[in-house]
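**Student:** One gets our numbering by counting positions in the sequence shown from 1 and adding 106 to each. Glycine included, each C-beta is placed from N, C-alpha and C at the ideal position. Source: prediction; values computed, not measured.
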Amino acid sequence: MTVTLLPYAACFAMVATGVTLLLERSLVRALTGVITLGNGVNLLIITAGGDPGGPPYVGTPGIADPLPQAMVLTAIVITLGVTAYLLALVHRSWQLSGSDEVQDDTEDRRVRLRARRGELSDAVRARQDDYRRLLAEQRAELARMEAEQAERQRLREVDLERRIFRVHTELEQWMREGRRQGLSEEELLRRLEDAGLREDVAPAEGVPVDNLRRLEELREQYERGREEQAARERALRRRLKARQREARKEMRAAIREERERQALARDPELEGED
């Protein structure tokens, strides 16, 4: 016996089309899917029933199996009943809402909102983790930069102390030379004060005016360095605070956007619930 595959392929195509249409939200498409699915099942039953038989009045050997015929009739009746029910449902839905689409009930929306609320919580936790990680990185960077600033300041202070020590050493040498020349302490102090009050001193007097000026310049340079370091630290802290504010703003904007996106499917009956 030769089996034709074309009817079976047509059955499978009609069943697949009917199932696809049944998954749509439109009742008209669902009705079309029910009709297509019923026709596919009917064709499958007829095809699986075997070859057609002869008329019953010519003899029993050629009679076809009556079971597929009864099943086809039953399937046709069921299809007509479901079609009539769906037609009435589409008509009633169109009268009430002006649309044939299936609306979500409260329980469906509650389930969907719970699922999306879980997604929102995960997104918020991820944003918070990113923010904490950013804060940790910024604090580490601030600590590293403060350590570098402290090291540079220490090196500058060491250099300044060395230069001040050299200036004091030169002053002591000048005072020892003055004592060897027979100058009294009052004379040495007077020359030192005069050198500090005057802008220029004759080289013959031998007073180290350059050392005094250099000492004052070193002190001024030290004060300027401290002020510049404090200004740099303040600017660095301002930049880090600005970056933290920007990160918080981005996190809040992302959370607000996610909440607005999740609120599109919110039902008024669910306000105030979990």
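In the structure shown, what three-state DSSP assignment does E130 receive?
**Tutor:** The residue given as residue 130 occupies position 24 in the sequence shown. Here E130 sits in coil by DSSP.
**Student:** Below 7 Å CB to CB, which residues in the same chain sit around M251 once its five sequence neighbours on both sides are set aside?
**Tutor:** Residue numbering aside, residue 251 sits at position 145 when the sequence shown is read from its first letter. Excluding residues within five positions, the ones whose Cβ falls inside 7 Å are L342.
**Student:** Skipping 5 residues on each side, what residues in its chain have a beta carbon closer than 7 Å to that of E339?
**Tutor:** Indexing the sequence shown from 1 puts residue 339 at position 233. Cβ within range, chain order: Q255.
**Student:** Closest to V196 by C-alpha separation, out of E291, L133, R349 and G288, would be which residue?
**Tutor:** As a first step, residue 196 must be located in the sequence shown, where it is residue number 90. Measuring from the Cα of V196, the nearest candidate turns out to be L133.
**Student:** Assign A136 to buried or exposed, taking buried as 16 or more other Cβ atoms, counted over all protein chains shown, within 10 Å of its Cβ.
**Tutor:** Residue 136 sits at position 30 when you count from the first residue of the sequence shown. A136 is buried by the Cβ-count criterion.
**Student:** If T142 sits next to L127, beta carbons under 8 Å apart, how far is it from one beta carbon to the other, in whole angstroms?
**Tutor:** For this step, residue 142 is matched to residue 36 along the sequence shown. For this step, residue 127 is matched to residue 21 along the sequence shown. With a Cβ gap of about 7 Å, T142 and L127 count as contacting.
**Student:** Within 10 Å of its beta-carbon, does L111 have 16 or more other beta-carbons around it, so buried, or fewer, so exposed?
**Tutor:** Position 5 of the sequence shown, counted from the start, is the residue given in the question as residue 111. Exposed.
**Student:** Is G155 near A181, with beta carbons less than 8 Å apart?
**Tutor:** The sequence position of residue 155 within the sequence shown is 49, counting from 1. The sequence position of residue 181 within the sequence shown is 75, counting from 1. Result no, Cβ atoms of G155 and A181 do not sit closer than 8 Å.
**Student:** For A308, count neighbouring C-beta atoms within 10 Å of its own C-beta (all shown protein chains included) and say buried if the count is 16 or more, exposed if not.
**Tutor:** Here residue 308 corresponds to residue number 202 of the sequence shown, with the count starting at 1. Bear in mind that the predicted position of A308 carries a pLDDT of just 40, short of 50, making it unreliable; the figure below should be weighed with that in mind. Exposed: under 16 other Cβ atoms inside 10 Å.
**Student:** Take L192 and list the residues in its own chain whose beta-carbon comes closer than 7 Å to its own, dropping the five residues that flank it on each side.
**Tutor:** Here residue 192 refers to the residue found at position 86 when the sequence shown is read from its first residue. L133, A136, L137 and V140, listed in sequence order.
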